[in-house]
Amino acid sequence: MADLAAVPVPRSTGLAPTVLGGIGRVVEHHWRWYRRNWRATAVSTVLQPLLFLLAFGVGFGALVGSGPNAAAATGGVPYLVWLAPALLAMSAAQSAAFESTYPVLSGFKWQRIYLAMAAGPLTGAQIGLGVLGWIGLKMLGAGAVYVLVIAAFGGITGPGIVVSLLAAVLTGLAVSSLVAAFSATVENEGTAFSALFRFVVIPMTLFSGTFFPVDRLPAVIRPLAWVSPLWHGTEIARGAALGTWRLLPTLGHLAVLLALLVLGATLVARLFTRRLAA
Amino acid sequence: MSDALVQARGLRKSFGEVEAVRGIDVDVARGEVFGFLGPNGAGKSSTMRMIACVSPRSGGTLSVLGMDPGPDGPRIRARIGVVPQLDNLDAELSVRENLEIYGRYFGLPRRHVRAKADELLEFARLTERAGDRVEELSGGMKRRLTIARSLVNDPELLLLDEPTTGLDPQARHLLWDRLYRLKREGVTQIVTTHYMDEAEQLCDRLVVMDGGVVAAEGSPAELIGRYSTREVLELRFLPERRPSAGELGRHADRVEELPDRFLLYTADGERTLGDVAAAGFVPLSSLVRRSSLEDVFLRLTGRTLVD
């Protein structure tokens, strides 16, 4: 049919990605950013495991030694071997917390790239889940580097470390989803993030069984570890690396992490949607 | 099908107790450039965000491209382009990457967005800067890039929220030229602005908003014809020789008293100036000009637009 109007009627592309496709496009955006800016993070990705393994694995490990006390706690393996899979999980949880605070607030408030995304066909839920997906991928990459550094220190005893890596990423995602949901409600970073790190993230990294088993803690503090996603992740990561895991407890830890992730992801989807529609 | 691309009836938006938009009726026809004019806080941006299907309405009806922004938000957003009041480019990506990644959000294949980016870079006169990071661009260039980005899906409707705020005159004229080119290509545009000259330049039709309601509607010429006289005589006086508005009012259809000057509304400014001088009033300076939308706004609201 011929259009005789003097002015053409424009036809937009009118396309929108599928639900998963939209999430993938958000990941793609961050990947593009990373490809251009990876050098800035590369040094710390290698340096951080190096420093931690040197300080705690080698230095502190020498102090712990292999006396009967230490052997009772580590099950007889060298402290560095016992520590390494837990550090992997801790590193994932820490970087997850960081990646889900300032960068997320920036997406809403400073650079406002989430607002740009939401002006197109993407939904708030797709944007939030895409951000989580990217953080997961980044943790997987950084974790793989961590594993290589552990190997260089002779901290690996078998292929179970690959499962430790996956457990670390799952732990990170659970933390990331909850923190990102919180960040979506933060209007002004002021004290919100420093309080989060001071009162939640740092205690979590100290008391989740990374450096010593939680049963060495006073009985009143022990329940704190049980609510910590990092403790559940550490138990799986260490059990897999040392081959000491038992089926039922491991399934329990896995169930807790998955439940937290589902809760966090649901909150992220809702709170991103709400914030972007304000 | 009706030719109205956007139709609002009794459209309202409230934030808690605050009513930003208090029941407005709007029709935007295909191919026209439609303006929302008003001071800060008039409800322009809230209205735009409802039309852009990002902010749910609090009341009334709204249809955009024949669909309801409630259930059909993503489908509508796939067919419109949005230039927000504040740039939200990814400052750490290159100019070209910003265009390409944005195209990807619209489900477009990589090859398509690469070709489209070339075309848009040309359109925005940014081809030379394609590889530069956005943070290195000037304000005007960022604005042009934001407009180029909004065109990545060949939108039928383009929403521009204060497109030239903060730009120097040269950058503004370049943007106006680009918007005019889009109009000739048939892209319907909705523009908010608090610049009168911008509204007169760009808009076929506009509404004047104030306090969340529509104060007047029409083409710039219609509004001027309806609410103002052909010419305006602006007079400044030394404070000690300043006459009252009433004394000057005898010589004009209407007088507005501003802190620094009087505006005398009249069909013939030069003649009125002669009358005022003959009556013994000696102004420090005088200016005769055509009526503008600024005068319409002043008449409707009793306030100037930009303070």
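If you read the sequences in order, they're chains A and B. With the first letter of the first sequence counted as 1, position 187 gets the number 187 in full-length UniProt numbering; the numbers rise by one all the way through. With the first letter of the second sequence counted as 1, position 248 gets the number 248 in full-length UniProt numbering; the numbers rise by one all the way through. Each residue gets a CB set at the ideal place from its N, CA and C atoms; glycine is no exception. All values derive from a computational prediction rather than experimental measurement.
Query, Result
"Interfacial residues, the region 105-120 of chain B to chain A, with Cβ spacing under 7 Å", "Tyr105, Phe106, Gly107 and Leu108"
"Serine 12/A: contacting residues in chain B (beta-carbon distance under 8 Å)", "Ala78, Arg79, Ile80, Asn153, Asp154, Pro155 and Glu156"
"N-terminal and C-terminal residue of the beta strand (DSSP E) that tyrosine 195/B is part of", "Neither: tyrosine 195/B is in no beta strand (DSSP E) and is coded neither H nor E."
"Minimum Cβ-Cβ distance from threonine 123/A to chain B less than 8 Å", "yes"
"Lysine 13/B: first and last residue of the uninterrupted beta strand (DSSP E) it sits in", "4-15"
"Residue-level contact to chain B via CB, residue 280/A, 8 Å cutoff", "Residue 280/A is absent from the model: chain A starts at 1 and stops at 278."
"Whether arginine 112/A touches alanine 184/A by CB criterion (8 Å)", "no"
"8 Å contact criterion, which alanine 92/A and threonine 171/A should meet: CB distance rounded", "6 Å"
"Reduced DSSP category for serine 219/B - H, G, I as helix; E, B as strand; rest coil", "coil"
"Integer-rounded CB distance, given that valine 262/A should sit under 8 Å from glutamine 94/A", "Glutamine 94/A to valine 262/A, Cβ: 22 Å. No contact."
"Aspartate 90/B: contacting residues in chain A (beta-carbon distance under 9 Å)", "His29, Arg32, Trp33, Gln111, Ile113 and Ala116"
"Selection of the region 184-199 of chain B by Cβ proximity to chain A, strictly under 8 Å", "Arg184, Glu185, Gly186 and Val187"
"Residue-level contact to chain A via CB, isoleucine 24/B, 8 Å cutoff", "no"
"Extent of the continuous beta strand (DSSP E) to which serine 285/B belongs", "285-290"
"Buried or exposed (CB count within 10 angstroms, at least 16 for buried), tryptophan 231/A", "buried"
"Chain A contacts from the region 28-58 of chain B (Cβ-Cβ distance under 8 Å)", "Arg30, Gly31, Ala52, Val54, Ser55 and Pro56"
"Delimiting residues of the beta strand (DSSP E) encompassing threonine 266/B", "262-266"
"Beta-carbon proximity of valine 95/B to alanine 130/B, cut-off 8 Å", "yes"
"Coil, strand or helix - serine 58/B by DSSP", "coil"
"Limits of the beta strand (DSSP E) - the one that isoleucine 76/B falls within", "Note, isoleucine 76/B: premise wrong, no beta strand (DSSP E); alpha helix (DSSP H) at 69-77."
"CA nearest to the CA of tryptophan 38/A, picked from Asn98/B, Glu200/B, Val255/B and Glu92/B", "Glu92/B"
"Secondary structure of leucine 174/B, DSSP reduced to three states", "helix"
"Buried versus exposed call for histidine 173/B [16 or more other C-beta atoms within 10 Å across all chains shown]", "exposed"
"Alanine 195/A - containing alpha helix (DSSP H), residue span", "192-196"
"The alpha helix (DSSP H) enclosing aspartate 25/B, as first and last residue numbers", "Element bounds for aspartate 25/B: not the alpha helix (DSSP H) but the beta strand (DSSP E), 18-29."
"Local Cβ density within 10 Å of leucine 62/B, reported as buried at 16 or more and exposed below that", "buried"
"Closer than 8 Å to chain A by CB, proline 74/B", "yes"
"8 Å contact criterion, which phenylalanine 106/B and glycine 120/A should meet: CB distance rounded", "6 Å"
"Other residues of its chain near glycine 192/A: CB distance less than 6 Å, five sequence neighbours each side excluded", "Glycine is not the amino acid found at residue 192/A; the sequence shown has alanine there. Correct list, in chain order: Val186."
"Min CB distance aspartate 3/A to chain B below 8 Å", "For aspartate 3/A, the predicted model reports a pLDDT of 41, less than 50, meaning its position is unreliable; a value from the coordinates is still stated below. Answer no: the Cβ-Cβ gap between aspartate 3/A and chain B never drops below 8 Å."
"Alpha helix (DSSP H) segments (min. 4 residues) lying fully within the region 60-95 of chain A", "61-64 and 68-74"
"Through-space distance from proline 74/B to threonine 18/A, alpha-carbon basis", "11 Å"
"Element boundaries [alpha helix (DSSP H), containing aspartate 132/B]", "First-last for aspartate 132/B: undefined, no H or E at that position."
"Which of helix, strand or coil DSSP assigns to valine 186/A", "coil"
"Nearest-angstrom Cα separation, counted from serine 46/B out to arginine 9/B", "15 Å"
"Contact with chain A by alanine 147/B, beta-carbon distance below 8 Å", "One point to set straight first is that residue 147/B is isoleucine, not alanine, in the sequence displayed. By this cut-off, isoleucine 147/B is not an interface position."
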